[in-house]
Structures are given as C-alpha cells and as structure tokens.
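Under mature numbering (1 follows the signal peptide of the UniProt record, and there is no 0), read the sequence shown as residues -22 to -1, 1 to 150, first letter to last. A quick write-up on the structure given underneath.
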Amino acid sequence: MKRFLTAALTLLLSAVNASALAASCEASVPGDFSKVGETRLSVLFWDVYDAALYSPSGAYEKSERQALKLNYLRDIDADELIETTEEEWQKLELDASEHDEWLAKLKAIWPDIKEGDCLLLVESDNGYAEFYQGEDLLGTVESQAFTDQFLAIWLSPESRFKEERNELVGAK
C-alpha cells in the first residue's frame, strides 16, 4: 500500500508540475495581447503540442505583433525541433540565405523539451523573436526576417498543416 501511495503521489506531483509550467508560459504572453485561436497538432496518432496564437487586437493581422505558444504533449529534444524547423522552411521554399545562422542561434538557446513544457515566441516591438520557456527568456533572434519565416511555419497559407493554421488564425 505504501508503494502504491508513493507512486500515486509522484504521479500527482508530476501532473501539477506540468500544469504549472504550462500556466507559467501564459504569464509571458504580453498583457495587452488576446488569444486569436488555438489548435492541437497530432501526427498520425501522436499528439505533439497544443498551440495558441495571440495578438494585441485578438485577430490575425500580419502587420500586428504576434505571440505563439506551444505546450508540448511529448518529449522532443532540441536537435529534433531545429531539424523540423529547417524542414518546414524548405517545404515553404523560403529564402534560405540566413537559415544556417538562425539554426545555430536556436541550437544555442532552445532546451530539450519534456512533456508538459512550453515554448513561447513573442514578437518584440522591433520585430525580433523572443523565446520564453515559462517566464524565463531563453534568448532573442534579432531579425524580423527570422520572425516572419519562423511564424510562417504555422501562419502561412502554404503551411503544411492547413486545418491547424486556420484554427490558429481564426479562419473558417
């Protein structure tokens, strides 16, 4: 019985910690932003993450600052995230002239992800991408072009995940 209670308590604490991480990421969304839309990305039968898009107006306007929150539903190492980012850029046929530099920057700032972790990109006033995990600033990529290309993975009409893109931007 003692072993069962210990296991149950450990499971409960893990759930509380995962919930706290997800909630703390919400705290890093700028206070004047409102949710535009949300979606869940599943590939085959694996749930990968829940995504939410925010903007000052609460609507998707490409000219407006954005914040994209990803709450991960499985473990993913940083190298896999970076490789997937590069693959998605290639599929979108984006200008690759700065990709190596940007991917090296992401490698320096992104952690390995554990189930329940979140990553948040907040577009700064000058268009730079600020990455947060919870309330901690992981680093900034000081390039408006990077921010545009990174967000295009989810927000471009040519995104590979069209249904999820439409849910994020509030399209019908």
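Note that the Cβ used here is the ideal one computed from N, Cα and C, for glycine as well.
Query raised in the report: For A(-3), does the count of other Cβ atoms within 10 angstroms reach 16, so buried, or fall short, so exposed?
Result: Note that A(-3) scores a pLDDT of 42, beneath 50, so its modelled location is shaky; the value from the coordinates is reported in the next line. It counts as exposed.
**Report entry** F11 (DSSP reduced to helix, strand or coil)
**Finding:** It is coil, neither helix nor strand.
Query raised in the report: Does the region 100 to 109 come within contact of the region 70 to 78, defined as at least 3 CB pairs closer than 8 angstroms?
Result: No: the two stretches stay apart, fewer than three of their Cβ pairs being nearer than 8 angstroms.
Query - Alpha-carbon spacing of E64 relative to E136, whole angstroms - result: Computed Cα separation, rounded: 16 angstroms.
**Report entry** Nearest residue (CA-CA) to A107, options D114, V119 and E113
**Finding:** Minimum Cα distance to A107 is reached at V119.
Requested in this report: Identify the continuous beta strand (DSSP E) that holds N144 and give its terminal residues.
Outcome: N144 -> not in any beta strand (DSSP E); alpha helix (DSSP H) instead, spanning K140 to V147.
Query raised in the report: With a cut-off of 8 angstroms, do at least 3 Cβ pairs link the region 28 to 42 to the region 74 to 91?
Result: As far as the Cβ criterion goes, the region 28 to 42 does not touch the region 74 to 91, which means the pair count is below three.
Requested in this report: Would you mind listing the beta strand (DSSP E) stretches within the region 35 to 104 that are 3+ residues and don't spill past its ends, in chain order?
Outcome: Whole beta strand (DSSP E) segments, 3+ residues: 45 to 50 and 96 to 101.
Query raised in the report: According to the neighbour-count rule (16 or more other Cβ atoms, all chains shown, within 10 Å of its Cβ), is F23 buried or exposed?
Result: Residue environment analysis places F23 among the exposed positions, since fewer than 16 neighbouring C-beta atoms fall within 10 angstroms of its C-beta.
Query raised in the report: What are the start and end residues of the beta strand (DSSP E) that includes D30?
Result: Rather than Asp, the amino acid found at residue 30 in this sequence is Ala. For A30, the enclosing beta strand (DSSP E) has its first and last residue at W24 to S33.
Report task. Report the three-state DSSP secondary structure of I123 (helix, strand or coil). Result -> In the sequence on display, residue 123 carries Ala and not Ile. Three-state result, A123: helix.
Query raised in the report: Among A149, F128, L146 and S20, which residue has its Cα nearest to the Cα of E66?
Result: Comparing alpha carbon positions, the residue from A149, F128, L146 and S20 closest to E66 is F128.
Query raised in the report: Mind checking R43: buried by the 16 CB within 10 Å criterion, or exposed?
Result: That one is buried.
Query raised in the report: Under the rule that 16 or more other beta-carbon atoms within 10 Å means buried, what is R143, buried or exposed?
Result: Within a 10 Å sphere around the beta-carbon of R143 sit 16 or more other beta-carbons, which makes this residue buried.
Query - Length of the line joining the Cα atoms of F11 and A5 - result: Distance between the alpha carbons of F11 and A5: 11 angstroms.
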